[in-house]
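Chemist: Once you've had a glance at the structure underneath, I'll fire off some questions.
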Amino acid sequence: MSIGTIGVLTSGGDAPGMNACVRAVVRTALYKGIKVKAIMKGYQGLISGDIIDIDNRRFVSEIINRGGTILHTARCLAMTTPEGALLAADAVKKAGIDCLVVIGGDGSYRGALELSKAGVNVLCIPGTIDLDIASTEYTIGFDTAITTAMDAINKLRDTSTSHDRVSVVEVMGRRAGYIALWAGIAGGADVILMPEKPEDNNIDKICDVVNKNKDIGKTHSLIVVAEGVGSVEEIAKQVQERTGIEARATILGHLQRGGYPTALDRVHASMMGGIAVEIANENRFSRAICYKNGRYIDIDLEEAINMTKTIDKTMYDISKMLV
Ligand code: F6P
């Protein structure tokens, strides 16, 4: 027997492409004759019963191109407690939702696992700009975020070249350096600092690169720093003091989370949303949708959460040779 009602929510930090994913869940479900309920403001809205019936595919019209999430999102502290998870599970049952599709990052996956332990059918789709979900090679929002970061780095390159300065730019990623690594490579950074590689966060090593640049006649340098590494203001101050070259710090911040999603984000989001509905329709639950080796697959949610991700060695090594 196929499911009657599917629920969908976005949770954690928003990511460009979440709307395309919501659209895909809604439209694929309606196409298959499954009822849809949208939960507003993530798990927070679930607990407080902020749930909308969607019986019209037009509900998700004109959003494929929009950043953010029309369902709104939140980081829900209550979901980290057993009591909160039980409240949320009750809300799912009360709303008559047979399967809840959660679009979000690592914290949202953990919330979904608690729900599944409380008897809720859940499916998870990776939606985070951080690319830090180990079970998948792609997370919705990453391509848009690195493209935004790269654009900003390009602009900083213009001004730092003109002024013969060092630009120290902070990109997002409290615990993960993927945005820094990819945007750094794409933007031609001289130094890339990531939380996963604390040994690189060494002011002598950084100044060494800046000084070597100066020695070969390159009077500007670009240092890309992931948020979780430390203060870009402090790095800029130290570099200026030690090398005698003016340095400026820039924090890109939340602008990396906004903007219209790239084609890659829209397509991955559409595919993963549609696939989630197909999996629900096969009565398979507690699954994490993943993109691996060029294919969409699904794996057990708990297994997905327990996997760990490390920075690709080849990519890291090559990034060092590109300076
Ligand atoms: O997880 C996505 C992310 O943008 C991280 O890169 C960043 O560290 C964090 O969210 C910021 O969270 P908030 O918007 O809650 O400040």
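Counting in my numbering, the sequence shown runs from 2 upward without gaps. Every residue gets a Cβ at the ideal spot worked out from N, C-alpha and C, and that includes glycine.
Quick check on the burial criterion: 16 or more other C-beta atoms within 10 angstroms. Buried or exposed for Thr160?
Modeler: By the neighbour-count rule (16 or more Cβ atoms within 10 Å), Thr160 is not buried but exposed.
Chemist: What are the boundary residues of the beta strand (DSSP E) that Glu171 is part of?
Modeler: Counting along the chain, the beta strand (DSSP E) containing Glu171 begins and ends at 167–172.
Chemist: So is Arg285 in contact with chain D if we call contact Cβ pairs under 8 Å?
Modeler: Reference to chain D is not applicable here, since this structure consists of a single protein chain.
Chemist: Short of 6 Å in beta carbon distance, which residues of its chain neighbour Val324, apart from the five on each side in sequence? Order them along the chain.
Modeler: So the list reads Asp191, once near-sequence residues are dropped.
Chemist: Which residues does DSSP list as the beta-bridge partners of Ser222?
Modeler: Val167.
Chemist: Taking the alpha carbon of Val37 as the point to measure from, which residue in Pro17, Ser62, Ile4 has its own alpha carbon closest?
Modeler: The shortest Cα separation from Val37 among Pro17, Ser62, Ile4 belongs to Ile4.
Chemist: Using DSSP with H/G/I as helix, E/B as strand and the rest coil, what is Thr315?
Modeler: It is helical.
Chemist: Going by beta carbon distance, what residues of the same chain come within less than 7 Å of Ala96, once the five residues before and after it are set aside?
Modeler: Answer for Ala96: Gly8, Lys38, Ile52, listed in chain order.
Chemist: With distances taken from CA atoms, which of Val103, Cys291, Ala90, Ala79 is nearest His73?
Modeler: Selected option, being the one with the closest Cα: Val103.
Chemist: Write down every uninterrupted run of the alpha helix (DSSP H) in the stretch 201–280 whose length is 4 residues or greater and which is fully enclosed by it, in chain order.
Modeler: Taking only runs of at least 4 residues, the alpha helix (DSSP H) segments lying wholly in the stretch 201–280 are 204–216, 233–244.
Chemist: State the CB to CB distance for the pair Ala92 and Gly50, rounded to an integer number of angstroms; the pair is presumed to be in contact (CB under 8 Å).
Modeler: So it is a contact: roughly 6 Å between Cβ atoms.
Chemist: Are there any heavy atoms of the ligand F6P lying less than 7 Å away from the beta-carbon of Ile413, as far as the coordinates show?
Modeler: Here the chain has residues from 2 to 324 only, and residue 413 is not among them.
Chemist: Quick one: residues in its chain with C-beta nearer than 7 Å to the C-beta of Arg267, no 5 flanking neighbours on either side, listed in chain order?
Modeler: Gly18, Ala21, Ile65, listed in sequence order.
Chemist: Using alpha carbons as the reference points, say which of Met272, Arg111, Phe60, Thr70 lies closest to Gly85.
Modeler: For Gly85, the nearest C-alpha among the options comes from Arg111.
Chemist: Does Asp318 pass the burial test, meaning 16 or more other C-beta atoms within 10 Å, or should it be called exposed?
Modeler: With fewer than 16 other Cβ atoms within 10 Å, it is exposed.
Chemist: Ends of the beta strand (DSSP E) at Thr11?
Modeler: 6–11 is the span of the beta strand (DSSP E), which, as asked, contains Thr11.
Chemist: Please report the straight-line C-alpha distance between Met41 and Leu47, rounded to a whole angstrom.
Modeler: Whole-angstrom Cα-Cα distance: 7 Å.
Chemist: For Ile217, does the count of other Cβ atoms within 10 angstroms reach 16, so buried, or fall short, so exposed?
Modeler: Result: exposed.
Chemist: Going by other Cβ atoms of all chains shown within 10 Å of its Cβ, with 16 needed for buried, is Ile204 buried or exposed?
Modeler: Counting Cβ neighbours within 10 Å, Ile204 comes out exposed, since fewer than 16 surround it.
Chemist: Tell me the residue span of the beta strand (DSSP E) that contains Val1.
Modeler: Look at the range of the chain in this structure, 2 to 324, and you will see that residue 1 is not part of it.
Chemist: Below 8 Å, how does it come out for the stretch 286–302 and the stretch 177–195: are there three or more Cβ pairs, yes or no?
Modeler: Because the criterion of three Cβ pairs below 8 Å is not met, the stretch 286–302 and the stretch 177–195 do not touch.
Chemist: Does the structure place the stretch 144–151 close enough to the stretch 112–127 that three or more beta carbon pairs sit under 8 Å?
Modeler: Contact fails: fewer than three Cβ-Cβ distances are below 8 Å.
Chemist: How would you write the range of the beta strand (DSSP E) that Ile48 sits in, first residue to last?
Modeler: Counting along the chain, Ile48 falls outside any beta strand (DSSP E), though it belongs to the alpha helix (DSSP H) covering 43–48.
Chemist: Can you tell me whether Asp131 sits near the ligand F6P, meaning its C-beta is under 7 Å from at least one heavy atom of the ligand?
Modeler: Yes, the Cβ of Asp131 comes within 7 Å of a heavy atom of the ligand F6P.
Chemist: Tell me, which residues are paired with Lys36 by DSSP?
Modeler: Looking at the DSSP assignment, Lys36 forms a beta bridge with Thr6.
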